[in-house]
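Let me begin by presenting the structure, written as structure tokens, before commenting on it.
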Amino acid sequence: MGRDFGRLHPELRRRFGVGLDAGEACVGTGTMRRIWNGTRLSRPLLRPFLAVGDRRHILLAETGEDVPFTIENYPYLDSYGRETVTFVRTFDLPRRRRRFDATMVYSERRDCVVDYLGTHQHLAVDLAFAADRTGGLVIRSGGYRFRERALDTRLPRAVVGDAVVRERFDDATGRFHISVRVTNPVLGPLFGYDGAFTAAYADLTAHSVPASVRPVREEARC
Numbered sequence: 045m046g047r048d049f050g051r052l053h054p055e056l057r058r059r060f061g062v063g064l065d066a067g068e069a070c071v072g073t074g075t076m077r078r079i080w081n082g083t084r085l086s087r088p089l090l091r092p093f094l095a096v097g098d099r100r101h102i103l104l105a106e107t108g109e110d111v112p113f114t115i116e117n118y119p120y121l122d123s124y125g126r127e128t129v130t131f132v133r134t135f136d137l138p139r140r141r142r143r144f145d146a147t148m149v150y151s152e153r154r155d156c157v158v159d160y161l162g163t164h165q166h167l168a169v170d171l172a173f174a175a176d177r178t179g180g181l182v183i184r185s186g187g188y189r190f191r192e193r194a195l196d197t198r199l200p201r202a203v204v205g206d207a208v209v210r211e212r213f214d215d216a217t218g219r220f221h222i223s224v225r226v227t228n229p230v231l232g233p234l235f236g237y238d239g240a241f242t243a244a245y246a247d248l249t250a251h252s253v254p255a256s257v258r259p260v261r262e263e264a265r266c
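In the working numbering, each residue's number is its place in the sequence shown (first place is 1) plus 44.
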């Protein structure tokens, strides 16, 4: 983010400054006010994608209100020696617990953060970070690539979603507020959620990275 990082609220700087040098992890707990997916028009077409994405912890196939939520941000070195930070979100929805997993690394080649989605890192997306006028953080998705063995292909925008994540800190309540909205240029809104949470920090010298937040498979290409 360069100088933009200094424009963030101090609590956001700490939360998104989680890394090996900082020596701490961050676990947020709170409630998602609303989790939604699709529109009446797009929902039937989305069902097969939501089902596959749900199994690989990429998409949320269920909706709900006032859903208990956690987000786990742990930094570690992956098997390729890259500093990686987990963004594992767990939603305690009425029917069962669901997850939305991501692991982020920095690509020197493209000078951006690469977000590997899901349990097997088959889907990679470039992210752009910026501070807004209030000291909040805005994250926007860029190009998507699908990677499996020798296959490495850029996906057209018509088959993926454009994601916008907004996060801010409320001094009055001491909570982080987050909203996520994913849309498709053909189908329209795909899914999203918004809510609030508090954050706790853990010293990495006393707390190891849980195996449950690491991906099943790691992708070398970034």
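Glycine is no exception: its CB is placed at the ideal position from the N, C-alpha and C atoms. Predicted model only: the values in this text are computed from it and were never measured.
Counted within 10 angstroms of its Cβ, other Cβ atoms place residue i as buried (16 or more) or exposed
| i | result |
| --- | --- |
| Asp159 | buried |
| Leu234 | buried |
| Gly50 | exposed |
| His251 | exposed |
| Thr249 | exposed |
| Glu211 | buried |
| Gly74 | buried |
| Asp155 | exposed |
| Pro259 | buried |
| Asp145 | buried |
| Arg177 | exposed |
| Arg261 | exposed |
| Ala175 | buried |
| Gly232 | exposed |
Member of the options whose CA lies at the smallest distance from the CA of residue i
| i | options | result |
| --- | --- | --- |
| Ala264 | His251, Val257, Ala246 and Leu195 | Leu195 |
| Arg140 | Ala246, Cys156, Leu171 and Glu106 | Glu106 |
| Leu103 | Leu121, Arg142 and Glu109 | Arg142 |
| Asp48 | Gly180, Gly82 and Glu211 | Gly180 |
| Arg225 | Asp176, Phe190, Asp238 and Ser151 | Asp238 |
| Glu152 | Asp170, Ala146 and Val208 | Asp170 |
| Thr147 | Gly162, Phe135, Arg57 and Ala255 | Gly162 |
| Tyr118 | Val149, Pro54 and Ala175 | Val149 |
| Phe33 | His164, Gly72 and Leu121 | The first residue shown for the chain is 45 and the last is 266, placing residue 33 beyond what the model contains. |
| Ser223 | Arg258, Ser256 and Val182 | Val182 |
| Gly72 | Gly218, Thr227 and Gly232 | Gly218 |
| Thr227 | Ser185, Pro54 and Arg58 | Ser185 |
Inter-residue Cα distance where the pair is residue i and residue j
| i | j | result |
| --- | --- | --- |
| Arg198 | Ala168 | 9 Å |
| Arg193 | His166 | 9 Å |
| Asp214 | Phe220 | 6 Å |
| Thr242 | Cys70 | 10 Å |
| Ala244 | Thr114 | 11 Å |
| Val157 | Glu109 | 31 Å |
| Ala240 | Leu137 | 16 Å |
| Cys266 | Gly187 | 12 Å |
| Ala207 | Val230 | 14 Å |
| Ala216 | Leu56 | 15 Å |
| Thr134 | Val257 | 10 Å |
| Glu116 | Glu68 | 12 Å |
| Gly111 | Gly46 | Per the sequence presented here, residue 111 reads as Val, with Gly not at that position. So the alpha carbons of these two residues sit roughly 35 Å apart. |
| Val209 | His53 | 16 Å |
Residues bridged to residue i (per DSSP)
| i | result |
| --- | --- |
| Phe235 | Asn81 and Val226 |
| Tyr124 | BP columns for Tyr124 are empty, so no partner. |
| Met148 | Val129 and Asp159 |
| Val260 | In the DSSP output, where bridge partners are listed per residue, Val260 has none listed. |
| Ile183 | Phe173 and Val209 |
| Glu116 | Val71 and Val132 |
| Leu195 | Glu192 |
task: Kindly confirm or deny that the segment 127 to 135 and the segment 61 to 75 touch, where touching means at least three C-beta pairs closer than 8 Å.
output: Verdict: yes, contact present.
- request: Report yes or no: do three or more beta-carbon pairs, one from the segment 71 to 82 and one from the segment 196 to 207, lie closer than 8 Å?
  value: Output reads no: the segment 196 to 207 does not touch the segment 71 to 82.
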